[in-house]
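Only one structure is covered here, and it is reproduced in the block below.
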Amino acid sequence: MNGAPSSTWFTTGPHWGWYIALYFFFGGLAGGSYFLAALIDLFGRREDRPLAHIGYYVAFPCVALSGLLLTVDLGKPMRFWHMLIESNTYRPMFKYWSPMSIGSWVLLTFGLFTLASFLGALAEDDRIPWPAFRKLRAPAALGLVVELLGGISGFYVASYTGVLLAVTNRPIWSDTPLLGMLFVVSAASTSAALMTLLAHRSALTMPGLADLHRMETWVIALELLVFTAVVVSLGQVLIAWLNGWGVLLLIVVAMGMVAPLFLSSRRRMPTTAVLVLIAGFLLRVVIVFSSERV
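Here the sequence shown is numbered in this note's numbering, starting from 1 and rising by one per residue.
Written out as structure tokens, the structure is:
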């Protein structure tokens, strides 16, 4: 078949389970953490570089784990390879009309960027004996290119899973155009929360930590607005959440959005961060499994 296929698929449920829910969660953490780290590096102060390092230390393991989870869910490891390479000709295979094909290539490319920045951060922290890797960090020219392109691909990775769901014809997923926005904002809030938590536990002085926490609060407020817009956009389909999944979703909103906004004024960074991370994972669980049960 030479023409582009329909932009929707999954007439029947894809029977996704915990591997995919975890893949969505860790992929969001990878993309969001790298994007925030790149912003800190490119536009922040030099004394904030240790905070950016935390983002790079999170991004590479998370993208590696998300790739592993996706491969395991496919059942046969070679299936992921076949999403990139033609099995007969061994030529690169790129389908511009397929979100899955685009996502596979971006995930692979993003993984290379996260590895480069991971090694650069290790070298700058003198944790590996190869100072040449410091050139992979801004303000070196190569480091600027890596972080700029890596930040862009990280933003795509954080949002594309929501877009992938939205272009199916499954209930809930295809009934709102805002899942991509919800996923990217959630990725930003969970990534900021994890970076805040790790920085708070670090013995290093990080002047930018307070700024990151303030940004986390604003992103959580934005996430609450986007979530409200998603609920409104679902219209009558919202009845699909008038069950246990809806109850869990209310817990997500209370735990990961309302409570952190209340606690942020009381400077309880670790508590807020843990709540946001738990709720971010549960949000993806509800989105994945509730549509499967319809």
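Using N, Cα and C, we set each Cβ at its ideal position, and we do this for glycine too. Everything numeric in this text was worked out from a predicted model, so none of it was measured.
Which same chain residues, not among the five before or five after residue i, have their C-beta less than 6 angstroms away from its C-beta?
i: Val184; result: Ala158 and Ser159
i: Leu165; result: Trp173 and Leu179
i: Val230; result: Thr176, Leu178 and Leu182
i: Leu234; result: Asp175 and Thr176
i: Leu209; result: Ala199
Can you tell me whether residue i is buried or exposed? The criterion is at least 16 other CB atoms within 10 Å of its CB, across all chains shown.
i: Ala170; result: Checking the sequence shown, residue 170 turns out to be Arg, not Ala. Arg170 should be labelled buried.
i: Met100; result: exposed
i: Glu124; result: buried
i: Ile287; result: buried
i: Phe43; result: exposed
i: Arg284; result: buried
i: Val232; result: exposed
i: Ala254; result: exposed
i: Asp126; result: exposed
i: Arg49; result: buried
i: Ala30; result: buried
i: Gly27; result: buried
i: Gly32; result: buried
i: Glu47; result: exposed
i: Val63; result: buried
i: Gly17; result: exposed
i: Gly67; result: buried
i: Ala132; result: exposed
i: Leu51; result: buried
i: Gly120; result: buried
i: Leu249; result: buried
Do we get a CB-CB distance below 8 angstroms when we pair residue i with the residues of chain C?
i: Glu47; result: Protein chains in the displayed structure number just one, and chain C is not present.
At the level of alpha carbons, what is the spacing between residue i and residue j?
i: His275; j: Pro207; result: Per the sequence shown, residue 275 should be read as Leu rather than His. Those two C-alpha atoms are separated by around 23 angstroms.
i: His53; j: Gly143; result: 13 angstroms
i: Ala193; j: Leu261; result: 12 angstroms
i: Ser6; j: Leu136; result: At Ser6 the pLDDT is 39, less than 50, meaning the model places this residue with poor confidence; the figure from the coordinates comes in the next sentence. In a straight line, the C-alpha of Ser6 is about 41 angstroms away from that of Leu136.
i: Gly150; j: Phe289; result: 31 angstroms
i: Trp241; j: Val247; result: 8 angstroms
i: Leu148; j: Ala38; result: 7 angstroms
i: Gly55; j: Pro129; result: 21 angstroms
i: Thr295; j: Leu65; result: The question about residue 295 has no answer here: the residues shown for the chain are numbered 1 through 294.
i: Ala221; j: Met93; result: 40 angstroms
i: Glu223; j: Asn88; result: 45 angstroms
i: Leu115; j: Ile40; result: 18 angstroms
i: Ser291; j: Ile239; result: 12 angstroms
i: Pro61; j: Leu112; result: 12 angstroms
i: Phe118; j: Val163; result: 28 angstroms
i: Leu225; j: Ala259; result: 15 angstroms
i: Leu36; j: Arg134; result: 19 angstroms
i: Gly75; j: Arg45; result: 45 angstroms
i: Tyr57; j: Ala140; result: 19 angstroms
Return the first residue and the last residue of the alpha helix (DSSP H) that residue i is part of.
i: Trp245; result: Gly244 to Val253
i: Thr217; result: Leu209 to Leu234
i: Asp41; result: Trp18 to Phe43
i: Met195; result: Leu179 to Arg201
i: Phe155; result: Ala141 to Ala166
i: Ser264; result: Ala259 to Ser264
Leaving out five residues on either side along the sequence, give the residues of the same chain with a beta carbon under 7 angstroms from the beta carbon of residue i.
i: Pro270; result: Leu197 and His200
i: Leu277; result: Thr190, Ala193 and Leu194
i: Lys95; result: Ser101
i: Ile20; result: Asp73 and Val288
i: Phe25; result: Gly280, Phe281 and Arg284
i: His213; result: Thr196 and Met269
i: Ser264; result: Thr217 and Thr272
i: Val219; result: Val185, Ala188, Ser189 and Ala192
i: Ala138; result: Asp41, Leu42, Leu144 and Glu147
i: Met215; result: Ala192
In its own chain, which residues sit with a C-beta less than 8 angstroms from the C-beta of residue i, not counting the 5 before and 5 after it?
i: Gly244; result: none
i: Val106; result: Ser153, Tyr156, Val157 and Tyr160
i: Phe227; result: Leu182, Val253 and Met257
i: Arg91; result: Ile85
So who's on the other strand from residue i, going by DSSP bridges?
i: Ile102; result: Answer by DSSP bridge pairing: none, since Ile102 is not bridged.
i: Ile303; result: No answer is possible for residue 303: the residues shown for the chain start at 1 and end at 294.
i: Ile299; result: As shown, the chain starts at 1 and ends at 294. That puts residue 299 outside it, with no answer to give.
Flag residue i as yes when its Cβ comes closer than 7 angstroms to any non-hydrogen atom of the ligand MN, and as no otherwise.
i: Leu136; result: No copy of the ligand MN appears in this structure; indeed no ligand is present at all.
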